Amino acid sequence: MFSKWRDRPWSVRAPILGGGTMFNPRISRKWIGTLCLGATSGLMSAPALAQSTLEKPPGQAAAERVKSATPGTANRRTAQPAGAATNQGGQQAGNLNNEIAVWLVLGNQEEVALAQFAEQRSQNPEVKRFAQQMIEHHQQTLAKIEQAAPETAGWNLQLRTGETDRNASSPQASGVQQASAEVELAANDAAGHHQSVQLAQQIKQECLNLTEQELSQQQGTDFDKAYIGQQVGAHIGMLAQLRGSKHFANGPLQQVIVEGERMTQQHLSEAKQIMSQLKDQQSSPPAPTSQRPAATQRPEQ
326 MFSKWRDRPW SVRAPILGGG TMFNPRISRK WIGTLCLGAT SGLMSAPALA QSTLEKPPGQ
386 AAAERVKSAT PGTANRRTAQ PAGAATNQGG QQAGNLNNEI AVWLVLGNQE EVALAQFAEQ
446 RSQNPEVKRF AQQMIEHHQQ TLAKIEQAAP ETAGWNLQLR TGETDRNASS PQASGVQQAS
506 AEVELAANDA AGHHQSVQLA QQIKQECLNL TEQELSQQQG TDFDKAYIGQ QVGAHIGMLA
566 QLRGSKHFAN GPLQQVIVEG ERMTQQHLSE AKQIMSQLKD QQSSPPAPTS QRPAATQRPE
626 Q
């Protein structure tokens, strides 16, 4: 019977396979992949469920069913003293505050490093002034964050600039850098936040390295436009981060975020204005020269 059905043309077999619609193998391939993924997940979890059920003796399984059916049992199992719940909530709030502070510290350090990088390479007075302002303002913000979240002061959060990496190429400097990294690792491990802090620091370090590499390939006006363009995007991202974390922070750190939001908005507006000036300078025609054309000599007669 199956051989007869198999020998039928696709026009006959398609409604059966497609649930009443024409079955197109090419179109349905992606749905088959989705179904296979779901089926694989189910197959991976089914043996564990079956094993946990089969390994229990019948008496134990029955006792657990009776226990779960007893009214109020679940509440008694999960109930915690009010003081313990309060302490746990306060600890979670403190941890979240510290995580926000870590990202803010690293973000401001990145701004300082890039501003120092731009100040050394730009020849445009307005761009250099902007970079100097970034250094001053973000260093002030770093001091405020340290006061609002003093725990971060002992976490050795420090991004390395390209200049630092070049100076560390010697064997002696490399040994000092390795020892410093080991001290930093031990301090973070002792504080119980090694993984999250190291992850945040590594991401920001990679971002700083890639940005410096891209900027170092530009010169003159192209460098100015590249740096200011990067600053526009960076401050948009920082503004979003500050607004998103403002209601999750508490205490003095929340006030630092509110002040940082106003400062970031100001920096963003200034960066946009400088970018507009750079574009106008590029599009404006060159000024006419004041030199007069050389007088033509009359031919001698």
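Numbered per my numbering, the sequence shown spans residues 326 to 626.
Glycine included, C-beta positions come from ideal geometry on N, C-alpha and C.
All values reported here derive from a predicted model rather than from experimental measurement.
{"Query": "CB H462 to CB M588, shorter than 8 Å?", "Result": "yes"}
{"Query": "In this structure, how does DSSP classify G554 when only helix, strand and coil are distinguished?", "Result": "helix"}
{"Query": "Tell me whether the segment 575-586 and the segment 539-555 touch, counting them as touching only if at least three CB pairs, one residue from each stretch, are closer than 8 Å.", "Result": "no"}
{"Query": "Measure from the alpha carbon of A474 to the alpha carbon of each residue in G585, N422 and R454, then state which is nearest.", "Result": "N422"}
{"Query": "Do you know whose CA, among Q538, Q441 and V522, lies nearest M459's CA?", "Result": "Q441"}
{"Query": "If contacts are defined as beta-carbon pairs under 8 Å, then T477 and V430 qualify, I think. What distance do you get, rounded to the angstrom?", "Result": "6 Å"}
{"Query": "Mapping the DSSP letters down to three states, classify R485 as helix, strand or coil.", "Result": "coil"}
{"Query": "Would a C-beta distance cut-off of 8 Å place L482 and Q526 closer than the cut-off?", "Result": "yes"}
{"Query": "Residue range of the alpha helix (DSSP H) that E461 falls in?", "Result": "P450 to A473"}
{"Query": "Spatial neighbours of S521 within its chain, please: C-beta separation below 7 Å, excluding the five flanking residues on both sides.", "Result": "E424"}
{"Query": "How close, in whole Å, do the beta carbons of K529 and L484 come, if the pair is a contact with beta carbons under 8 Å?", "Result": "6 Å"}
{"Query": "If you run the structure through DSSP and keep just helix, strand and coil, what is A574?", "Result": "coil"}
{"Query": "Going by Cα to Cα distance, which pick from R568, E539 and Q566 is closest to G554?", "Result": "E539"}
{"Query": "L567 and E537: beta carbons closer than 8 Å?", "Result": "no"}
{"Query": "Less than 7 Å between C-beta atoms, sequence neighbours within five positions excluded: which residues of the same chain meet that for E471?", "Result": "T477 and A478"}
{"Query": "Quick one: Cα of S314 to Cα of S601, how far?", "Result": "Because the chain is modelled from 326 through 626, residue 314 falls outside the range shown and cannot be assessed."}
{"Query": "Look at the alpha carbon of Q542 and the alpha carbon of L535, and state the distance between them as a whole number of angstroms.", "Result": "11 Å"}
{"Query": "Considering only the beta carbon of each residue, do H572 and A596 sit closer than 8 Å?", "Result": "no"}
{"Query": "I'd like the list of long-range same chain contacts for E444, defined as Cβ closer than 8 Å, with 5 residues on each side in sequence excluded.", "Result": "K453, A456, Q457 and I460"}
{"Query": "Within 10 angstroms of the Cβ of G545, are there 16 or more other Cβ atoms? Answer buried if so, exposed if not.", "Result": "exposed"}
{"Query": "Let me check understanding here. Comparing Cα to Cα, which of W428, Q448, V557 and L603 lies closest to W480?", "Result": "W428"}
{"Query": "I think Q464 touches V437, with their Cβ atoms under 8 Å apart; what is that distance to the nearest whole Å?", "Result": "6 Å"}
{"Query": "Counting C-beta neighbours from all protein chains within 10 Å, is the total for G569 16 or more, i.e. buried, or is it exposed?", "Result": "exposed"}
{"Query": "Just confirm the distance between the C-beta atoms of L533 and E451, as a whole number of angstroms; I'd bet it's less than 8 Å.", "Result": "Contact flag wrong, Cβ pair sits at about 24 Å."}
{"Query": "Give every residue of the same chain whose Cβ lies closer than 8 Å to the Cβ of Q606, excluding the five residues on either side of it in the sequence, and list them in chain order.", "Result": "T546"}
{"Query": "Excluding five sequence neighbours on each side, which residues of the same chain lie with their C-beta closer than 6 Å to the C-beta of I582?", "Result": "L567, K571 and A574"}
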